[in-house]
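See below for the structure under consideration.
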Amino acid sequence: MSDHDNEPAGQQPGEHPTDSTDGGISGNDAVGPDAPGEQAPGAGGVFTRQRVSFAVAGVAVLGLLGWLVFGNSGDPEPAPTTTSTTTTTEATTTSVVTETRPALVSQVATAKPDLTEVVVLEEPPPQWDSATEIVKWDVPEVPFSQAEFADRPDLPREDYPLQGRYRTPIGWTFTNPTAFGDPFSVVVTEQRGDWAQVMVPVRPNGTLGYTDLSQYDLSEHEYRVELRISDRHLVAYRGTEQIVDTQVVVGRDATRTPTGRFYVTDKTDEANPNGFYGPHVLPLNAYSEQLDTFDGGVPVIAMHGTSRPDLLGQAASNGCIRLPNEVISQLNAELPIGTQVEIYA
0 MSDHDNEPAG QQPGEHPTDS TDGGISGNDA VGPDAPGEQA PGAGGVFTRQ RVSFAVAGVA
60 VLGLLGWLVF GNSGDPEPAP TTTSTTTTTE ATTTSVVTET RPALVSQVAT AKPDLTEVVV
120 LEEPPPQWDS ATEIVKWDVP EVPFSQAEFA DRPDLPREDY PLQGRYRTPI GWTFTNPTAF
180 GDPFSVVVTE QRGDWAQVMV PVRPNGTLGY TDLSQYDLSE HEYRVELRIS DRHLVAYRGT
240 EQIVDTQVVV GRDATRTPTG RFYVTDKTDE ANPNGFYGPH VLPLNAYSEQ LDTFDGGVPV
300 IAMHGTSRPD LLGQAASNGC IRLPNEVISQ LNAELPIGTQ VEIYA
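What follows is the structure, encoded as structure tokens:
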């Protein structure tokens, strides 16, 4: 795709990133028939990062400016609530304490720096249902568009690993750091004891998994992004304070920007800040729901800058979210990895 209205091609499976400034985005999502810790050969354009090139055969590959940064409304969030439920059986009495935390606060689990990989299970561990202390987050439901489209192959699969992301018989293994060079991070949606339910950077979009928190350091923040596709309008918040309000480019009808609740997985710097992707790319854990590959790459969605500001406010991308360069620079500086991005139709 050389037309400037389209986004450039991405890195092919397993390819090592190059220094092309206007090729597809490369990142830790590059596909490759490689085993963990290995990289398979390939070819194709890539997006560059000054720190580490990432083989995201599709992040920007799809031109999937699928980066939709959202924020909740500016209304104050309710205070955390705690409820206690007592279940009585003939043999024992068990008290279950459930704490509900406000949507303004996100909890991010970041892999410990001494770990080279982390494991996420597809099914909850045996002790999940017997937990007596439960923490949940009172976030609004964001409909996923996944159900509107025909089923697509999972990404990754056991026979189709991605760079840094691998399917296993019991779930997934993720390398740390990621292919982009950032610490592997997930957003916690529920916590029970030493285990958490988390958002997973795989397809189908919206997949949740379960992970042992002993693998991570926990942190909290109050940043969030909200995108309204129909309005081509993105807003970002720090707590209740609005920090960004901008028009964006979203996916065209044949390659729509997916809706749902996602999060920022990585932050990358482009070698050419005036190139197609602008100065920065913020990949999400979202994938295209209409494409399986893009020019040989993985169709990962991202937020990035643009060399075509005249297209702002239009549906002209391959799924990614294009923002004004000054705005993506601000978001790159302020948003932590793990910032939730709510994308609404």
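Heads up, the sequence shown is in numbering that gives the first Met the number 0, so the first residue is 0 and it goes up one at a time. We put the beta carbon where it would ideally sit given N, CA and C, even for glycine.
DSSP places L154 in the strand class (E or B) of the three-state scheme. Residue environment: P257 is assigned as buried (16 or more neighbouring CB atoms within 10 Å of its CB, all protein chains considered). Boundaries of the beta strand (DSSP E) around N284: 279-286.
9 Å or more divides the Cβ of S105 from the Cβ of Y236.
Secondary-structure assignment with DSSP links F173 through a beta bridge to V117, R164. DSSP places I320 within a strand segment (E or B) once states are collapsed to three.
In this structure, G318 sits near R255, with a CB-CB distance shorter than 9 Å. In the three-state reduction of the DSSP assignment, S144 falls in the helix class, which pools H, G and I. In the DSSP secondary-structure assignment, I242 is not bridged to any residue. With contact defined as three or more Cβ pairs closer than 8 Å, the stretch 301-311 and the stretch 179-190 are not in contact. Within a 10 Å sphere around the beta-carbon of F179 sit 16 or more other beta-carbons, which makes this residue buried.
Just so you know, the alpha carbons of P124 and N273 end up roughly 48 Å apart.
Straight across, the Cα-Cα distance linking D137 with G259 is about 16 Å. In this structure V201 touches L154 by the C-beta definition: roughly 6 Å separates them, less than 8 Å. Within its own chain, the residues whose Cβ lies closer than 7 Å to the Cβ of L311, once the five positions on either side in sequence are excluded, are Q246, V247, V248, P323, listed in chain order. Going by C-alpha positions, V117 is about 6 Å away from T172. For a cut-off of 8 Å, the C-beta gap from T109 to P182 is around 5 Å, short enough to register as a contact. About 15 Å separates the beta carbons of R251 and A344, which is beyond the 8 Å limit, so they are not a contact pair.
Put simply, the backbone Cα of Q214 is about 10 Å away from that of D113.
An exposed status is given to A332, since fewer than 16 other beta-carbon atoms sit within 10 Å of its beta-carbon.
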